[in-house]
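One structure is given here, and the rest of the page talks about it.
Numbering (full-length UniProt numbering), first residue to last: 1 to 571.
Here it is, written out as structure tokens:
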């Protein structure tokens with residue numbers, strides 16, 4: 001992927017990475033700031049105040065005191081041992097009243113290291129509701145830190161202390177479930193469970209919220225996590241959460257409620273999905289072998305989603321909801337635009353200089369290569385950045401946005417796949433950022449679902465919105481693209497992608513996959529990240545797939561092998 005250099009007409013240096021708009025969001029639970037002291041003491045109002053990290057003895061004493069007070073139901077005492085008394089008191093009170101916990105036993109474990117402020121513990125609770133009692137056991141973790149003001153060692157309060165699934169604003173609730181359970185099955189009628197296919201865990205939760213009632217089941221009584229974005233609606237319905245509480249584009253909300261324990265399980269309704277068990281199993285296998293890998297497989301002729309998987313199956317669903325710069329895989333969309341505007345032809349001469357300046361930025365190719373006297377085919381196959389930047393001055397600021405929306409159905413915010421998803425974004429930009437968008441940087445944002453759809457659109461010649469559940473189940477309207485690319489353009493794109501898979505940057509992963517196949521690699525630079533995100537999108541027959549492996553390197557080497565296996569396993 002090309003990197004940005006200093007603008008020749010400015011003295012001030014730009015950031016060193018072209019993908020400056022790519023933002024890394026770091027989510028984590030902070031413990032607390034420790035004084036940089038060797039454990040001595042300071043003075044406040046004439047009194048000695050302890051400083052430095054808590055000792056092992058202090059960690060142990062505070063943990064035991066907090067867990068003992070919580071176990072006894074002494075909410076005030078337990079909350080007083082935290083650094084956020086008000087929040088802790090509310091959460092621990094709700095634990096008894098809303099979650100209907102009649103008794104709980106809490107057993108601290110051993111910290112990871114002798115002086116670690118993080119302490120794991122086991123909880124064994126009794127849930128009591130409507131004359132029914134049921135045991136529920138789970139593991140959680142707490143952290144302790146020294147308060148700078150007075151040196152007191154306290155529990156660093158986070159909702160996850162109560163239960164690891166809780167985040168700010170979430171609640172544990174026991175009561176009549178708002179939505180009946182479902183029995184999800186694959187395209188051939190086989191059962192789909194999170195135990196067998198971990199990456200489907202949050203997907204199945206989302207499908208239940210969206211289709212639980214349509215599937216025909218009967219709701220039971222459950223202990224569940226009610227997410228913050230459904231709280232207002234949940235309160236209005238007397239604690240019975242609604243699948244429509246925070247619906248997004250007709251789908252379930254971003255993070256669906258999660259059932260933890262069924263006191264009265266209810267009767268599940270059967271919901272058929274488009275998932276292929278064999279493809280899903282392979283997707284799980286490939287992502288499990290890598291860090292930060294995500295993949296989606298779709299069927300070009302219909303839009304059916306055959307598989308979705310992430311390396312961290314219990315975390316954020318990057319495959320469907322990620323928002324990442326797609327790097328050079330975006331050149332598939334850009335190429336379709338250039339071909340339609342007659343600014344490029346597959347075998348016409350096309351410039352690929354070592355450098356190209358536009359809008360105050362100086363763009364370059366990977367390792368500063370150039371192609372002298374080459375064609376657009378050669379530039380596409382080698383992923384020449386400057387070949388695309390040379391055409392920027394002939395484009396309007398909204399040309400790429402219109403192409404993505406009108407032909408590939410992206411960025412229109414109207415997909416309804418069955419669970420929450422991000423439909424991609426190609427914002428209207430100007431000057432250097434517009435040029436950067438042509439090569440998948442700037443403000444362009446995609447995920448594997450979007451890029452698998454791009455490859456599928458090229459293969460079939462028509463955008464078909466991906467989906468997990470047939471629209472016949474709930475009569476929803478699938479998104480469509482305003483126009484179809486010409487047969488001439490579609491044929492040219494397939495030619496370019498096939499050549500890239502035979503003689504270009506995608507040759508190794510695509511080796512031996514036959515004439516009816518094509519691919520495009522991508523590497524997206526991210527500020528502050530040593531290695532780029534590796535992307536790969538491809539099709540073979542009636543299967544299209546895309547993958548991203550974050551902070552891993554070039555797409556052909558990182559994401560390419562993942563996609564290859566998806567194409568090999570097929571339906």
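Note that beta-carbon positions come from the ideal geometry of N, C-alpha and C, so glycine has one too.
Excluding the five sequence neighbours on either side, which residues of its own chain have a C-beta within less than 7 Å of the C-beta of residue i, listed in chain order?
| i | result |
| --- | --- |
| residue 255 | 227 |
Whole angstroms is fine: what's the gap from residue i's alpha carbon to residue j's?
| i | j | result |
| --- | --- | --- |
| residue 129 | residue 334 | 58 Å |
| residue 551 | residue 534 | 7 Å |
| residue 257 | residue 220 | 15 Å |
| residue 163 | residue 71 | 14 Å |
| residue 496 | residue 380 | 7 Å |
| residue 306 | residue 475 | 21 Å |
| residue 232 | residue 205 | With a pLDDT of 37 at residue 232, under the threshold of 50, the modelled position of that residue is not reliable, and no figure is offered here. |
| residue 460 | residue 429 | 29 Å |
| residue 469 | residue 185 | 10 Å |
| residue 308 | residue 171 | 28 Å |
| residue 515 | residue 499 | 10 Å |
| residue 351 | residue 377 | 11 Å |
| residue 424 | residue 513 | 29 Å |
| residue 176 | residue 264 | 9 Å |
| residue 135 | residue 259 | 15 Å |
| residue 262 | residue 315 | 23 Å |
| residue 372 | residue 344 | 16 Å |
| residue 326 | residue 97 | 47 Å |
| residue 66 | residue 528 | 39 Å |
| residue 193 | residue 488 | 44 Å |
| residue 63 | residue 208 | 38 Å |
| residue 276 | residue 449 | 16 Å |
| residue 569 | residue 561 | 13 Å |
| residue 395 | residue 403 | 12 Å |
| residue 296 | residue 104 | 42 Å |
| residue 526 | residue 411 | 21 Å |
| residue 436 | residue 203 | 33 Å |
Determine, using beta carbons only, whether residue i and residue j come nearer to each other than 8 Å.
| i | j | result |
| --- | --- | --- |
| residue 539 | residue 456 | yes |
| residue 144 | residue 117 | yes |
| residue 409 | residue 481 | yes |
| residue 142 | residue 155 | yes |
| residue 210 | residue 418 | yes |
| residue 266 | residue 218 | yes |
| residue 426 | residue 462 | no |
| residue 547 | residue 559 | yes |
| residue 111 | residue 153 | no |
| residue 216 | residue 131 | no |
| residue 337 | residue 398 | no |
| residue 438 | residue 392 | yes |
| residue 283 | residue 566 | yes |
| residue 346 | residue 195 | no |
| residue 375 | residue 353 | no |
| residue 572 | residue 69 | This structure cannot settle anything about residue 572, because the visible part of the chain is limited to 1 through 571. |
| residue 280 | residue 421 | no |
Less than 6 Å between C-beta atoms, sequence neighbours within five positions excluded: which residues of the same chain meet that for residue i?
| i | result |
| --- | --- |
| residue 198 | 313 |
| residue 122 | 107 and 139 |
| residue 137 | 124 |
| residue 88 | 79, 82 and 157 |
| residue 340 | 489 |
| residue 146 | 54 and 153 |
| residue 222 | 177, 259 and 262 |
Can you find a CB in chain D that lies within less than 8 Å of the CB of residue i?
| i | result |
| --- | --- |
| residue 195 | Among the chains of the structure shown, chain D does not appear; only one protein chain is present. |
Starting from the Cα of residue i, find the closest Cα among the options and give me that residue.
| i | options | result |
| --- | --- | --- |
| residue 213 | 182, 148, 537 and 151 | 182 |
| residue 501 | 522, 489 and 484 | 522 |
| residue 382 | 488, 525, 369 and 389 | 369 |
| residue 355 | 331, 388 and 338 | 388 |
| residue 52 | 530, 412, 148 and 431 | 148 |
| residue 317 | 509, 434, 201 and 280 | 201 |
| residue 433 | 386, 361, 404 and 298 | 361 |
| residue 609 | 189, 61, 442 and 556 | Absent from the structure is residue 609, since the part of the chain shown begins at 1 and ends at 571. |
| residue 542 | 278, 299, 348 and 443 | 299 |
| residue 384 | 330, 413 and 411 | 330 |
| residue 508 | 564, 553 and 530 | 564 |
Can you list, in chain order, the residues of its chain with a C-beta nearer than 8 Å to that of residue i? Leave out the 5 residues immediately preceding and following it.
| i | result |
| --- | --- |
| residue 311 | 287, 288, 290, 291, 292, 293 and 294 |
| residue 406 | 481, 482 and 483 |
| residue 465 | 303, 409, 415, 416, 417, 453, 478, 479 and 480 |
If contacts are defined as beta-carbon pairs under 8 Å, then residue i and residue j qualify, I think. What distance do you get, rounded to the angstrom?
| i | j | result |
| --- | --- | --- |
| residue 445 | residue 301 | With 8 Å as the limit, residue 445 and residue 301 do not qualify as a contact, their Cβ atoms being about 27 Å apart. |
| residue 225 | residue 520 | Not quite, the Cβ-Cβ distance comes to about 40 Å (not below 8 Å), so this is no contact. |
| residue 126 | residue 101 | 7 Å |
| residue 328 | residue 440 | 6 Å |
| residue 168 | residue 49 | Going by Cβ atoms, the distance from residue 168 to residue 49 rounds to 30 Å, so no, they are not a contact pair. |
| residue 159 | residue 91 | 6 Å |
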